[in-house]
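**Student:** Next up is a structure, given as structure tokens.
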Amino acid sequence: MNMLRTTLTILLAAVLAMPLLTAAADRGRPNIVIMLSDNLGYGDLGVYGGGVTRGAPTPNIDQLAAEGMRFTNFNVEAECTPSRSALMTGRMAIRSGTTRAIPVPGLPVGLAPWEYTLAEMLSDRGYNTAIFGKWHLGYVEQRLPLNQGFDEWWGFPFSTDVAWYPEAVGFDPALFAAPRLYQGRKGEELKALEPYDASVRPLIDGLIAEKSVAYIKAHARDDEPFFLYIPWSLVHHPSLPNPGFEGKSGAGRYGDAMIEHDHRVGQVLAAIREAGIEDNTLVIYASDNGPDRAEYPYVGNSGPYRGYLGTVHEGSIRTPMMIRWPGQVPADVVSNELISINDIFPTLAAIVGGRVPDDRVIDGVDQSVFIRGEQAHSNRESLLFFAGEHLMAVKWRQFKIYLHGESPEIDQRGYQELWAPQAYNLELDPGEYHDLALQNLWLLAPALKPVFEYVHSVEQYGLILPGGKKPEVFETSVPFFSDAALDTTMGAIKQQVMKDMVKSKIDEIRAYFSGAEGGQQE
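Going by my numbering, the final residue of the sequence shown carries number 1753, and the count climbs one at a time with no gaps.
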């Protein structure tokens, strides 16, 4: 009898565990959780030189980094909406018409329904998909998460600073509707919830964490995997922490908000662990761009890099990023290889066997072999950077070449013509102080190669204009520095010599890419 009872107990336990074991055995389709912080500085987290030294320890995020691969050369777009667009599509925002972070509510801007999103790709592979938090990729119904591949959404479609609009002197709700939170499921009517105002702002990430934890618990034993996208509101201005975290850091509101942010990330990680799905859940943590300067000192820290949100300096476009997938991604590894937020889409597609569209340009590259530790180097050698519609700079290996300049105030947003390119070795000069272009004109060749490839791709596939429904093909030209800028009187003989050398080098490169004089056609 005792033996029979023991046997039945073992069988019952096995039956109850079968859904979980089935999910865990499906290594080709892991659960995927992407957490995206908002305006987090490169130097804010402990593992990136911040944390305790900034008065705000980040033990949960630091532990996540130790349990996976941490990247020190992860690159995003210059602003919020462009980065989120790149994450969702694997395409530079310039191609999708999503180059600006402040689209006007009610107008058909944001991510076009034509785009094939990360959520749609995973949904096509049988994933349940959900987003809790900030969307910022469109305000009209056709461009909201439930129309872009997500099964469930709770959150807000705009940037966090709109919560402060009703507090502004002269604010007129008749001209600008008070922002609200929304909730819905695919196939159901989207519900407008309570206003998202200054009273809700400090509570919002606690609610995002609560929704995320509940979702993980509800879907941990499903036969099919899930994709959970958590775009946090913290630490975006106004960085107001939950009242329970006020004064926790001794470093003001921003420090308190950092401590809360780390705690919220920890809540999600704990839910994954307690659900018993840690080994089959791929977790990505990153930031959409660097910190703003909205209200110093209550802003983030860019570490050794210059520049802030809206620029293409390293302090804006280089952010923390880490991946954990036990048994698949090696633990406690730090890489300075060049990778991009565009790479996440094709990398996850390769991991789960998803479809990557072949009727459009996908700027991301598959990094799945690299992140598994099966090769030493990234599959990426170069990357373009835009500020709005302007092509500003190119990264190639450890070098960064500016084709257009920022405002004379290097930490401010702006755009100006350059009389000649600027070049920096980011490994030796992370602050971008020492222009090496004059001594290294050879850098123009590898720098302009991806520029010409981009131009050719636009001529072939077109671009989606802001508010557009699909790409439009039109003639373009190489977005380099203007002839007028080159013809400006430069004064010094050294500058004149450089001008002649630069023009000569451009002619050679153009000839190479046009097939002239025996060159090759790309």
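We put the CB at the ideal spot given by N, CA and C, even for glycine.
(1) Run through DSSP, which three-state label would I1461 get?
(2) When you compare the stretch 1354-1361 with the stretch 1386-1393, are there three or more beta-carbon pairs, one atom per stretch, that lie closer than 8 Å?
(3) Which same chain residues end up closer than 6 Å to L1569 when comparing Cβ atoms and leaving out the 5 residues on each side of it in sequence?
(4) Cβ of V1592 within 7 Å of Cβ of Y1692?
(5) Can you grab the Cα-Cα spacing for the pair W1556 / S1316, in whole Å?
(6) Does the Cβ-Cβ distance between P1433 and N1270 come in under 7 Å?
(7) Whole angstroms are fine: how far does the CA of L1622 sit from the CA of K1631?
(8) Restricting to Cα atoms, I'd like to know which of I1548, R1495, H1635 and S1464 is closest to G1272.
(9) Rounded to the nearest angstrom, what separates I1490 and P1376 at their Cα positions?
(10) Curious, which full-length alpha helix (DSSP H) runs of at least 4 residues does the stretch 1522-1582 contain?
(11) Compare the beta carbon distance of A1783 and D1563 with 7 Å and say whether it is the shorter of the two.
(12) Should L1412 and F1381 be called a contact, given that it needs their Cβ atoms to be closer than 7 Å?
(13) Take the Cβ of P1472 as the centre, count every other Cβ of all protein chains shown within 10 Å, and call the residue buried at 16 or more, exposed below.
(14) Sorted by chain position, which residues of the same chain lie with C-beta nearer than 8 Å to H1468's C-beta, five sequence neighbours on each side aside?
(15) Return the Cβ separation of A1261 and N1511 in integer angstroms, given the expectation that the two are a contact with Cβ distance under 8 Å.
(16) For K1448, which three-state DSSP category applies?
(17) Whose CA, out of K1626, P1288, P1339 and V1264, lies closest to the CA of Y1485?
(18) State the DSSP-derived secondary structure class of I1178, mapped to helix, strand or coil.
(19) Taking the alpha-carbon positions, what's the P1313 to R1504 distance?
(20) Taking W1395 as the reference, which of P1426, E1420, E1620 and V1543 has the closest Cα?
(21) Considering Cα atoms alone, identify which of A1451, G1282 and P1702 is closest to V1481.
(22) If you reduce the DSSP assignment to three classes, tell me which class N1473 lands in.
(23) Can you check whether the CB of E1477 is closer than 7 Å to the CB of D1493?
(24) For S1268, collect the residues of the same chain with a Cβ closer than 6 Å to its Cβ; drop the 5 residues on either side in sequence, then sort them by chain order.
(25) Among all the DSSP beta bridges, which residues are the ones paired with M1489?
(26) What first and last residue would you give for the alpha helix (DSSP H) that runs through Y1685?
(27) Could you check where the beta strand (DSSP E) with T1303 kicks off and where it finishes?
(28) Would you say A1332 and E1346 are within 7 Å of each other, going by their C-beta atoms?
(29) Between D1666 and E1703, what straight-line distance do the alpha-carbon atoms span, to the nearest angstrom?
(30) On the DSSP letters alone, give me the boundaries of the alpha helix (DSSP H) that A1350 sits inside.
(31) Could you tell me the alpha carbon to alpha carbon distance between L1318 and N1671, rounded to whole angstroms?
(32) With distances taken between CB atoms, is the gap from Y1536 to P1697 smaller than 7 Å?
(33) Determine the burial state of P1456: buried for a count of at least 16 other Cβ atoms within 10 Å of its Cβ, exposed for fewer.
(34) Compare the beta carbon distance of A1502 and V1431 with 7 Å and say whether it is the shorter of the two.
(35) In the DSSP assignment, what are the bridge partners of H1621?
(36) Looking at the unbroken beta strand (DSSP E) that takes in R1416, where does it start and where does it end?
**Tutor:** Well, looking at it:
(1) Within the sequence shown, the letter at position 230 stands for residue 1461. Strand.
(2) When C-beta atoms of the stretch 1354-1361 are compared with those of the stretch 1386-1393, fewer than three pairs fall below 8 Å, so the two segments do not count as touching.
(3) As a working note, residue 1569 is residue 338 in the sequence shown. So the list reads N1304, S1609 and R1611, once near-sequence residues are dropped.
(4) Your numbering for residue 1592 matches position 361 in the sequence shown. Your numbering for residue 1692 matches position 461 in the sequence shown. The Cβ-Cβ distance between V1592 and Y1692 falls below 7 Å.
(5) Translated into positions along the sequence shown, residue 1556 becomes position 325. Translated into positions along the sequence shown, residue 1316 becomes position 85. Taking the straight line joining both Cα atoms gives about 24 Å.
(6) As a first step, residue 1433 is located in the sequence shown; it is residue number 202 there, counting from the start. As a first step, residue 1270 is located in the sequence shown; it is residue number 39 there, counting from the start. For the pair P1433 and N1270, the CB atoms are not nearer than the 7 Å cut-off.
(7) As a first step, residue 1631 must be located in the sequence shown, where it is residue number 400. As a first step, residue 1622 must be located in the sequence shown, where it is residue number 391. The alpha-carbon atoms of K1631 and L1622 are separated by roughly 13 Å.
(8) By 1-based counting over the sequence shown, the position of residue 1272 is 41. Closest option to G1272, Cα to Cα, is I1548.
(9) By 1-based counting over the sequence shown, the position of residue 1490 is 259. By 1-based counting over the sequence shown, the position of residue 1376 is 145. It is roughly 29 Å from the alpha-carbon of I1490 to the alpha-carbon of P1376.
(10) Listed in chain order, the alpha helix (DSSP H) runs fully inside the stretch 1522-1582 are 1545-1548, counting runs of at least 4 residues.
(11) Coverage of the chain is limited to positions 1232 through 1753, which leaves residue 1783 absent and any answer about it impossible.
(12) Translated into the one-based positions of the sequence shown, residue 1412 becomes position 181. Translated into the one-based positions of the sequence shown, residue 1381 becomes position 150. Cβ distance not < 7 Å, so L1412 and F1381 don't count as in contact.
(13) Residue numbering aside, residue 1472 sits at position 241 when the sequence shown is read from its first letter. With a threshold of 16 other beta carbon atoms within 10 Å, P1472 meets it and is buried.
(14) Counting from 1 along the sequence shown, the entry for residue 1468 is found at position 237. Closer than 8 Å at the Cβ level, and outside the excluded window around H1468, lie N1270, T1391, D1392, D1523, A1525, E1526, Y1529 and V1530.
(15) Numbered from its first residue, the sequence shown carries residue 1261 at position 30. Numbered from its first residue, the sequence shown carries residue 1511 at position 280. Correcting the residue type first, residue 1261 is Pro in the shown sequence and not Ala. Going by Cβ atoms, the distance from P1261 to N1511 rounds to 5 Å, so yes, they are a contact pair.
(16) Translated into positions along the sequence shown, residue 1448 becomes position 217. In the structure shown, K1448 sits in a helix (DSSP, three-state: H, G or I).
(17) Position 254 of the sequence shown, counted from the first residue, corresponds to residue 1485. For the residues K1626, P1288, P1339 and V1264, the minimum Cα distance to Y1485 belongs to P1288.
(18) Given that the chain is displayed from residue 1232 to residue 1753, the structure contains no residue 1178 and the question cannot be resolved.
(19) Taking the first residue of the sequence shown as position 1, residue 1313 is located at position 82. Taking the first residue of the sequence shown as position 1, residue 1504 is located at position 273. Between P1313 and R1504, the C-alpha separation is close to 32 Å.
(20) Translated into positions along the sequence shown, residue 1395 becomes position 164. Closest option to W1395, judged by alpha-carbon separation, among P1426, E1420, E1620 and V1543: P1426.
(21) Looking up residue 1481 in the sequence shown gives position 250. The sequence shown places Gly at residue 1481, rather than the Val named in the question. Answer by Cα proximity: G1282.
(22) Counted from its first residue, the sequence shown places residue 1473 at position 242. Of the three classes helix, strand and coil, the one that applies to N1473 here is coil, per DSSP.
(23) Here the question's residue 1493 lines up with position 262 in the sequence shown. Here the question's residue 1477 lines up with position 246 in the sequence shown. Judged by their CB atoms, D1493 and E1477 are not nearer to each other than the 7 Å cut-off.
(24) By 1-based counting over the sequence shown, the position of residue 1268 is 37. Apart from the 5 residues on each side of it in sequence, S1268 sits with its Cβ closer than 6 Å to the Cβ of W1463 and S1518 in its chain, given in chain order.
(25) Residue numbering aside, residue 1489 sits at position 258 when the sequence shown is read from its first letter. Answer by DSSP bridge pairing: none, since M1489 is not bridged.
(26) Taking the sequence shown and counting its residues from 1, the one referred to as residue 1685 is at position 454. L1675 to Y1692 is the span of the alpha helix (DSSP H), which, as asked, contains Y1685.
(27) For the purposes of this step, residue 1303 is identified with residue 72 of the sequence shown, where counting begins at 1. That run of the beta strand (DSSP E) goes M1300 to N1306.
(28) Numbered from 1 along the sequence shown, position 101 holds the residue referred to as residue 1332. Numbered from 1 along the sequence shown, position 115 holds the residue referred to as residue 1346. Contact: no.
(29) On the sequence shown, position 435 is the one that residue 1666 refers to. On the sequence shown, position 472 is the one that residue 1703 refers to. Using only the alpha carbons, I get a separation of about 37 Å.
(30) As a working mapping, residue 1350 is identified with position 119 in the sequence shown. From DSSP, the alpha helix (DSSP H) with A1350 extends over L1349 to D1355.
(31) Your numbering for residue 1318 matches position 87 in the sequence shown. Your numbering for residue 1671 matches position 440 in the sequence shown. L1318 and N1671 have their C-alpha atoms some 34 Å from each other.
(32) Translated into positions along the sequence shown, residue 1536 becomes position 305. Translated into positions along the sequence shown, residue 1697 becomes position 466. With contacts defined by Cβ atoms closer than 7 Å, Y1536 and P1697 do not form a contacting pair.
(33) Indexing the sequence shown from 1 puts residue 1456 at position 225. Looking at its Cβ environment, which holds 16 or more other Cβ atoms inside 10 Å, P1456 is buried.
(34) The residue labelled residue 1502 in the question sits at position 271 within the sequence shown. The residue labelled residue 1431 in the question sits at position 200 within the sequence shown. V1431 is positioned such that its CB atom lies no closer than 7 Å to that of A1502.
(35) Within the sequence shown, the letter at position 390 stands for residue 1621. H1621 is bridged to A1618.
(36) Taking the sequence shown and counting its residues from 1, the one referred to as residue 1416 is at position 185. Segment R1411 to R1416, the beta strand (DSSP E) holding R1416.
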